[in-house]
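FYI, this note's numbering numbers position 203 of the sequence shown as 317, with every residue one higher than the one before it.
Notes follow once the structure below has been shown.
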Amino acid sequence: MASMIPAGVYRTSYREDMTILATRNSRLALWLGILLVCATPLVFGRYELGLLVNIGIMGIAALGLNILVGFTGQISIGHAAFFGFGAFASAWLHERYHVPVALCIPLAGLMTALVGLVFGAPAARLKGLYLAIATLAAQFILEDFFARAQWFTGGVAGRITEPFEILGWRADREETYLYVVLAWVIIMFVGASNLMRTRDGRALVAVRDHYLSAEVMGINLAYYRTLSFGIASLYAGIAGALYAHYLLFVSVEAFNILLSIQFLGMVIIGGLGSVAGSLMGAAFMVLLPEAVQALADALAGGAVDRALRLGNSISFLREMAIGAAIILFLIFEPDGLARRWRLIKAYWKLYPYSH
């Protein structure tokens with residue numbers, strides 16, 4: 115059910131068998147989707163484009179966490195701290211050393227990866243609750259560092275960032291910055307898909323599935339667990355840098371533990387161990403509060419509002435909906451939106467022969 119290949123498609127080499135997009139229709143659908151996103155500035159306004167930009171940025175960060183949690187079987191409750199470190203690192207590089215913003219983004223990702231390796235080295239020998247506490251400690255350590263390191267973050271006052279610019283082309287609006295984020299989404303998601311097809315990617319999955327068997331096969335558990343922290347931090351750093359140059363201002367308060375919980379929610383809702391599911395989960399978590407806010411506005415002052423006496427508390431439905439969505443997905447769809455999408459595709463391919 116995970117991969118429904120049409121009859122008559124025969125593969126005669128490992129190269130064909132390991133392709134990311136197995137069929138011609140899937141490749142056409144991907145190119146069509148990219149073209150539609152490129153055309154959105156012609157149709158949507160700044161508000162809708164801002165949602166797309168946020169989905170792309172959060173999708174990159176969620177994919178990094180999915181590599182750590184979904185593919186390697188580790189746990190992290192401090193992903194937002196690495197997301198914030200990437201944001202501050204990119205702003206610091208541009209202001210302190212006058213590095214072009216286009217180069218600050220990948221450099222911030224590398225700096226964040228190094229920080230992730232530092233925290234991942236001791237955490238690589240931990241698992242379960244102990245690992246969760248270790249990553250929680252990393253979250254609070256980096257939060258305290260952000261507040262005190264005024265030379266790096268600007269302290270509690272935050273730091274102003276510059277818009278993205280390359281070869282005289284300036285992306286200081288949603289209509290232009292969307293293409294910057296789209297380019298990085300393609301690069302990072304293709305990179306993750308290719309990583310999972312390599313020896314290292316298969317080793318990460320083996321560590322997740324059964325670490326004792328993986329160790330017997332000669333896989334260095336500490337190395338690959340540490341590597342997964344570095345890769346997850348790389349993705350978080352690049353996403354944080356994109357976030358900083360989109361908002362043009364970053365502050366310490368934005369990268370708290372609640373954001374880390376939201377990243378975990380994206381991975382759970384999208385699907386553990388799914389590259390495409392990371393983007394689905396990010397889209398769900400970004401659009402859910404907007405849908406709940408629209409519902410709250412519709413209910414405000416109405417019969418339901420008066421009957422339940424919601425009053426001013428109706429605005430808290432946004433926060434409640436996120437927690438409720440995570441719980442419902444864990445109960446009814448633990449494999450996330452990615453599995454549901456595979457089932458929908460399989461249904462249409464097999465209809466009317468559902469068996």
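Cβ coordinates follow ideal geometry from the N, Cα and C atoms, glycine included.
Between G272 and S347, the CB-CB gap reaches or exceeds 8 Å. Its chain contains A203, G351 as the residues whose beta carbon lies nearer than 7 Å to that of M225, once the 5 sequence neighbours on both sides are disregarded; these appear in chain order. Selection I382, W298, Q253 evaluated against V167 yields W298 as nearest (Cα-Cα). It is roughly 26 Å from the alpha-carbon of S342 to the alpha-carbon of V400. Residue range 389–413 is occupied by the alpha helix (DSSP H) that includes A405. One thing to note: E289 has its Cβ no nearer than 8 Å to the Cβ of L179. Only exposed fits A408, as fewer than 16 other CB atoms lie within 10 angstroms of its CB. In this structure, A353 and G450 do not form a Cβ contact; the two beta carbons are roughly 20 Å apart against a cut-off of 8 Å. Boundaries of the alpha helix (DSSP H) harbouring F197: 193–211, taken from the DSSP string. With contacts defined by Cβ atoms closer than 8 Å, G173 and S392 form a contacting pair. Going by DSSP, A439 is part of the alpha helix (DSSP H) stretching over 431–446. Put simply, the backbone Cα of W145 is about 11 Å away from that of R138. In summary, E257 is buried, with 16 or more beta-carbon neighbours lying within 10 Å of its beta-carbon over all protein chains present. Within the same chain, and ignoring the five residues on either side of H208 in sequence, the residues whose Cβ sits closer than 8 Å to its Cβ are P214, V215, C218, T275, E276. For the set E447, S307, V321, the Cα lying nearest the Cα of I134 is the one of S307.
When DSSP reads this structure, E279 sits in a beta bridge with R284. Taking C-beta atoms under 8 Å as the contact rule, M380 and A194 fail to qualify, at a distance of about 12 Å. Here DSSP, grouped into helix, strand and coil, assigns I333 to coil. Beta-bridge analysis with DSSP links F363 to I274. Of the candidates L292, Y128, L149, L292 places its Cα closest to the Cα of Y161. Comparing alpha-carbon positions, the option among M132, A246, A355, F185 lying closest to S388 turns out to be F185.
Membership of P236 in the alpha helix (DSSP H) is indicated by the continuous run 215–237.
Taking the Cβ atoms as the reference, G385 lies roughly 6 Å from R453, within the contact range of under 8 Å. Between the alpha carbons of R339 and L243 lies a gap of roughly 16 Å. Put simply, the backbone Cα of G187 is about 46 Å away from that of A421. Using a Cβ distance threshold of 8 Å, L335 and V319 do not count as a contacting pair. L250 and F233 have their C-alpha atoms roughly 11 Å apart. Measuring C-alpha to C-alpha distances from G395 to each of A237, I436, A205, V294 identifies I436 as the nearest. Secondary structure of V381 (DSSP, three-state): helix. One thing to note: A227 has its Cβ no nearer than 8 Å to the Cβ of I191. The C-alpha of E329 lies about 32 Å from the C-alpha of F254. In the three-state scheme derived from DSSP, where H, G and I count as helix and E and B as strand, L182 is classed as helix. In the displayed model, M302 falls within a helix according to three-state DSSP. Between the alpha carbons of G415 and L431 lies a distance of about 15 Å. A direct Cα-to-Cα measurement between E447 and I458 gives close to 14 Å.
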